[in-house]
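J.:
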Amino acid sequence: MSFPDGVPVIAGMVAAGWGRIVTLASIAGKDGNPAQSAYSASKAAVIAMTKSLGKELATTGVLVNAVAPSAVATAMNADTDPAILARSQSLTPMGRFGRPDEIAELIAWFCSEQLSFSTGAVNDASGGRATY
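Each residue of the sequence shown is one higher than the one before, counting from 4 in my numbering.
The structure is reproduced here in structure tokens:
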């Protein structure tokens with residue numbers, strides 16, 4: 004198996020026969036957000052890359068999965084248009100934004116030895132917003 008020169012970490016994981024790669028996508032990559040087409044498209048690309056790389060590495064012991072949160076209460080959203088945040092919250096059945104620690108727990112599980120039969124998956128952390 005050959006990888007581009009820019010990805011030596013993958014080759015090292017494959018050589019070790021074990022590794023975990025977790026990408027951060029967004030619910031916007033699945034649903035699209037109005038007035039955020041570039042952001043939504045970039046997160047859709049992260050999802051496609053995760054699915055493809057997960058399949059490519061499936062027999063190597065290296066698992067590749069993505070987390071797709073909806074809005075999370077972080078500094079990144081401090082300058083987000085309040086109308087965009089209100090729309091996001093209105094679409095979330097739990098009626099609140101995610102917390103960083105909730106996303107971190109999901110990432111930690113994806114990185115754990117307990118996870119052994121999931122690759123190329125996208126796990127939503129969306130308070131029920133995900134539609135598929």
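Beta carbons are placed, not taken as given, at the ideal position from N, Cα and C, and that holds for glycine.
In or out: M79 buried (at least 16 other Cβ within 10 Å) or exposed?
T.: Translated into the one-based positions of the sequence shown, residue 79 becomes position 76. It is exposed - the Cβ of M79 has fewer than 16 other Cβ atoms within 10 Å.
J.: Starting from the C-beta of T53, find all residues in its chain whose C-beta is less than 6 Å away, skip the five residues before and the five after it, and write them out in chain order.
T.: Walking along the sequence shown from the start, residue 53 turns up at place 50. If we look at T53 and ignore the five residues flanking it on each side, its Cβ neighbours are T26, V67 and A69.
J.: Might you give, ordered along the chain, the residues of its own chain that have their beta carbon closer than 8 Å to the beta carbon of T95, omitting 5 neighbours on each side?
T.: For the purposes of this step, residue 95 is taken as the residue at position 92 of the sequence shown. The answer, listed in chain order, is S73, A74, S129, G130, G131 and R132.
J.: Run the CB neighbour count on F120, radius 10 Å, all protein chains shown included, and call it buried at 16 or more, exposed below.
T.: Mapped onto the sequence shown, residue 120 falls at position 117. Classification of F120: exposed, given that the 10 Å Cβ count is below 16.
J.: Would the beta-carbon of V17 fall within 9 Å of that of V49?
T.: Translated into positions along the sequence shown, residue 17 becomes position 14. Translated into positions along the sequence shown, residue 49 becomes position 46. No; because the gap between Cβ atoms is not below 9 Å, this pair is not in contact.
J.: How would you call D84, buried or exposed, if buried means at least 16 neighbouring beta carbons within 10 angstroms?
T.: On the sequence shown, position 81 is the one that residue 84 refers to. That one is exposed.
J.: Do you know offhand how far A89's Cα is from A47's?
T.: To locate residue 89, count along the sequence shown from 1; it is residue 86. To locate residue 47, count along the sequence shown from 1; it is residue 44. Cα-Cα distance, rounded: 22 Å.
J.: In terms of alpha-carbon separation, which member of K58, A111 and A31 lies closest to S45?
T.: One-based indexing of the sequence shown puts residue 45 at position 42. When only C-alpha atoms are compared, the closest one is A31.
J.: Between A111, V10, W21 and I110, which has its C-alpha nearest A61's C-alpha?
T.: Against the sequence shown, residue 61 aligns to sequence position 58. Among A111, V10, W21 and I110, the Cα nearest to that of A61 is on W21.
J.: Determine the DSSP secondary structure at A41, reduced to helix, strand or coil.
T.: Translated into positions along the sequence shown, residue 41 becomes position 38. DSSP places A41 in helix when its eight states are reduced to three.
J.: Using DSSP with H/G/I as helix, E/B as strand and the rest coil, what is N80?
T.: Counting from 1 along the sequence shown, the entry for residue 80 is found at position 77. In the structure shown, N80 falls within a helical segment according to DSSP collapsed to helix, strand and coil.
J.: Taking only three categories from DSSP, how would you classify P103?
T.: Position 100 of the sequence shown, counting from 1, holds the residue named residue 103. Reduced to three states, the DSSP call for P103 is helix.
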